[in-house]
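Here's the structure, in structure tokens; my notes come after.
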Amino acid sequence: MDWFDVKEAARGPEARSASRAPSPPEARSPEAPRLEPGPLESNAEALVAGLNEAQRAAVLHGDGPLLIVAGPGSGKTRVVTSRIAHLVLERGVTPHEILALTFTNKAAREMRERVERALGSTVGLWIGTFHGIAARILRREIEALGGYTRDFTILDTADRNALLKQLIKDLEYDPKRFRPQVVGGWISERKNRAARGEEGVRVVHSELGGLEEDVFQRVEALYAQRLPALNAVDFDDLLLLVLRLFDEHPGLRDSYARRFRHVLVDEYQDTNRVQYRIVRHLASWHGNLSVCGDPDQSIYGWRGADIRNILDFEQDYPSAAVVRLEQNYRSTQYILDAANAVIRNNTARKHKELFTEPGNVGEKLIRIECSDENDEARAIVRQIREFVAGGARYAHCAVLYRANFMQRALESALRLDAVPYQVVAGLEFYQRREIKDLVAYLRLAVNPADDVAFVRAVNTPARGVGDTTLARLVAAATAAGVPLTRAIEDDAVLAEVRGRARSGLFAFRTLLARLADARELDAAVALDVVLQEIDQTRWYAEMDDGEGVQDRIANVDELRAYAEEYDDRQRSTPGEATGLRGFLQDIALVADADGGEESGDQVRLMTLHAAKGLEFPFVALAGVEEELLPHGRALAEAPDQSTVVEEERRLFYVGLTRAGARLVLTHANYRGFFGGGRPASPSRYLEEIPPELCAGGGVEFGKSRAVAFEVEDEEAALGAFEHTGSKLAIGDLVEHGHFGRGRILQLVGSGVNARASVDFVGAGTKQLLLQYAKLVRLGR
DNA sequence: GTTGATAATCTTTTT
DNA sequence: GATTATCAAC
């Protein structure tokens, strides 16, 4: 079977899609839709060239359990795609008998696109994220569990935290002390542990020293009781309820296990115990379970991912075929050497050594030391320009960072230099206020029990319903045991309210009644109803934060466009008309609305976590510093340091291996936050990269300024001592008679030449001769 | 009682 | 910097 030209695989997507493949053998199943094969995007034969005949057959179209352990850049997603195509075209498997599970929507989309290119269609195939597929299953079956209807709301993390905060207050605890986020994380972990059969295990959160466990448990109990009352599920429940469904209803379980003759799981190293058990159920009939993953890229331990799932696969499925794909088709040897050198320091792993084509040596890594985050951003922009000047496009470049707050400095430097960029899954679209407001109305239309949405919508735009009125409503609703939407239908309840609040509630009640008719409408039409019913002028006016409301209006338009697109997709997909409720459940699970769409020639900005599975010829890794990578908070919370140090190392490894040709690593000596900041030092992981792999054998400096960039210049610090009476260090907070307060970025020279560069609040960065500038040290 | 302005607070990663 | 708590003014 060689439908594909080996050499094409190496040439890039444009070249590949230009070719046409000869016809494959006729599909055997009578149910199989007639599929016109398109060119597979990449040559699966080439990717599995190192395998023997039996392994190759197992990977491409074999039955039974299969484990593919594949390093970064091995083309494993392409192999999985090829497998789907081979199953359909060669084994006569009908598309609707295949279930492919991924972790991110982006991965699912990519897989769908690739399969579409290979088969000409994805009709009938179930390709989606674990959570998306779980929502789909629950939409059909949740009523079997009792207490829920298919109109259930999916609470995202922000909603969950809002609810938890309310519950914490109801129990008369201080939400500042028991932060909803922390409590939520604790509950999440408990749920996950319960699925591992570890109910009795105490989860101790280091932030509180485990002293208030009973408080956590009380909130947890109340929360567990509230969710079904709201007809709502959180992200954990989505999976847990599917598991419960399969556990408690074997007949139903079997119907799914028989329906899917082949189950494929990508990024298996990131599965948690609940997902593990769901997959086991699904594979219980045919045992045709193919998983692929890379233990070295397991970066979701903090969210319950259990690396044992992949490490123990062969014990769980003793007849499993195991295939390793170690050749890397992405990166040059220097990059791979660096990645290998870093990951080698992890103990909890299976040995794996990446290799590339002989002769693909490439160029050395570029390591840049910068003074602060702005200097770092400028250095990265310079590197990008240089790379692009060499003939590459902006879209070939990515800037990766550990935490979202680092995005800002990078963005402003890119903007200043007019470099086009796109933030991938930054501030989530559906988290924006105007979107959440509109979605709250839609949620109420579908699920009147959704009190979280009610609270959000009732006074947006302002209807004169404040905290007191709301508290009264909640009390009445709780007493009657009904949702808030029912409580305001009761005239006796409204009789207690006077004035503006009263008329506001009446107006809201009428609005809800009209909205109730929208629940069976298409998403876009329902959205129009909401937009008609609310006082848009007022609503926009309230959100006007000086910048104008153009962005917000644009976002609303975008939501509407997305709703329309969803409706279109529904119409063209026979079988499951899900309408508005499907739309709402869908968007709760999608973080990046406009995301993914390769929108032109732009540099991509994203977190390291978001970068997994992607590749770019040019990658800049910002903030390779202690406290950031490994992250200080992760270390602080860890019951076991080495677990975190290793997981963060894997994160670094993921970052390194995204790069194809040029890899830039930067770190700053001072990292500013809002208002504050702190001195920073290079990451311990940076020292694990042999210096000879870096250009110039080591460090390059961020600024082209003539000033030397000694770190913590001892002499200069002494010089400063002479002039200020106290020893200064980089990062110190100082006061200047003229410029006010600032922070020391650099100390250079000694004696009368001792100079400091100080970043003043308001006045910017100044170079000062210490002899004259009478700096007063205020502290760090 | 509600609203709008000012002050405090917190910045890990995500389905 | 943006969200959220607090408080004076309607």
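Throughout the first sequence, residue numbering follows the numbering used here, covering 648 to 1427 in sequence.
The beta-carbon is built from N, C-alpha and C at its ideal position, and this holds for glycine as well.
Cβ neighbour criterion (16 or more within 10 Å) applied to residue i
i	result
T1184	exposed
L1422	buried
A1122	exposed
T1220	exposed
T776	buried
E744	buried
D959	exposed
D884	buried
S676	Residue placement at S676 cannot be trusted, given a pLDDT of 35 that sits under 50; what the coordinates show is reported in the next sentence. Exposed, by the Cβ-count rule.
E1212	exposed
D1182	exposed
S1018	buried
A1142	exposed
L694	buried
G1387	exposed
D1138	exposed
S966	exposed
Q1030	buried
L1063	exposed
N699	exposed
D603	Given a span of 648 to 1427 for the chain in the structure shown, any question on residue 603 remains unanswerable.
Q872	exposed
K723	buried
L1415	buried
Short Cβ contact (7 Å threshold) for residue i with residue j
i	j	result
L890	V910	no
A1100	R1090	yes
A1124	A705	no
A1065	N1021	no
D941	A717	yes
A1436	A1092	Outside the displayed range of the chain (648 to 1427) lies residue 1436, so it cannot be described from this structure.
A1060	A1036	no
Q1232	A782	yes
L1282	F1299	no
R1424	D1406	no
R1297	I946	yes
D963	R996	no
W773	L736	no
D798	R1228	yes
A1170	F1076	no
A754	G1260	yes
E1118	L1174	It should be pointed out that residue 1118 corresponds to Ala in this sequence rather than to Glu. Contact: no.
G832	R807	no
L714	R730	no
In DSSP terms, what residue i is bridged to
i	result
H1278	E1274 and L1275
M1253	L1047
Y1462	Since the first residue of the chain shown is 648 and the last is 1427, residue 1462 is not available in this structure.
Y1309	Looking at the sequence provided, one finds Arg at residue 1309 rather than Tyr. DSSP output for R1309 lists F1265 as bridge partner(s).
L936	V910
T776	T749
E1347	I1015
F1002	Q974
E1382	R1388 and V1423
A717	L972
So does the segment 1002-1012 actually touch the segment 1262-1272, counting three or more Cβ pairs closer than 8 Å?
-> no
Fully enclosed by the segment 945-977, which beta strand (DSSP E) runs are 3 residues long or longer?
-> 968-972
Contact between the segment 910-920 and the segment 930-939: three or more CB pairs below 8 Å?
-> The way I'd put it, the segment 910-920 does touch the segment 930-939; three or more beta-carbon pairs between them come closer than 8 Å.
Inspect the CB distances between the segment 1034-1048 and the segment 1146-1161 and report whether three or more fall short of 8 Å.
-> no
Is the segment 1278-1291 in contact with the segment 965-981, if contact means three or more CB pairs nearer than 8 Å?
-> no
At least three beta-carbon pairs within less than 8 Å, the segment 996-1006 to the segment 744-751 = no
Which runs of the beta strand (DSSP E), 3 residues or longer, sit entirely within the segment 789-869?
-> 800-802
Taking only runs that begin and end inside the segment 864-901, name each unbroken beta strand (DSSP E) of 3 or more residues, in chain order.
-> 879-881
Between the segment 1246-1263 and the segment 1024-1041, are three or more C-beta pairs nearer than 8 Å?
-> yes
contact_flag[the segment 1254-1263, the segment 1048-1057] where n(CB pairs < 8 Å) is 3 or more = yes
If you pair each beta-carbon of the segment 1329-1346 with each one of the segment 983-994, do three or more pairs fall below 8 Å?
-> yes
Count the CB pairs spanning the segment 813-825 and the segment 858-869 that are closer than 8 Å, and state whether there are at least three.
-> In short, these stretches touch, since the Cβ pair count reaches three.
Write down every uninterrupted run of the alpha helix (DSSP H) in the segment 1053-1105 whose length is 4 residues or greater and which is fully enclosed by it, in chain order.
-> 1054-1063, 1080-1093 and 1098-1105
With a cut-off of 8 Å, do at least 3 Cβ pairs link the segment 944-959 to the segment 913-925?
-> yes
List in chain order: all unbroken alpha helix (DSSP H) runs of 4+ residues lying wholly within the segment 1169-1200.
-> 1170-1180 and 1183-1190
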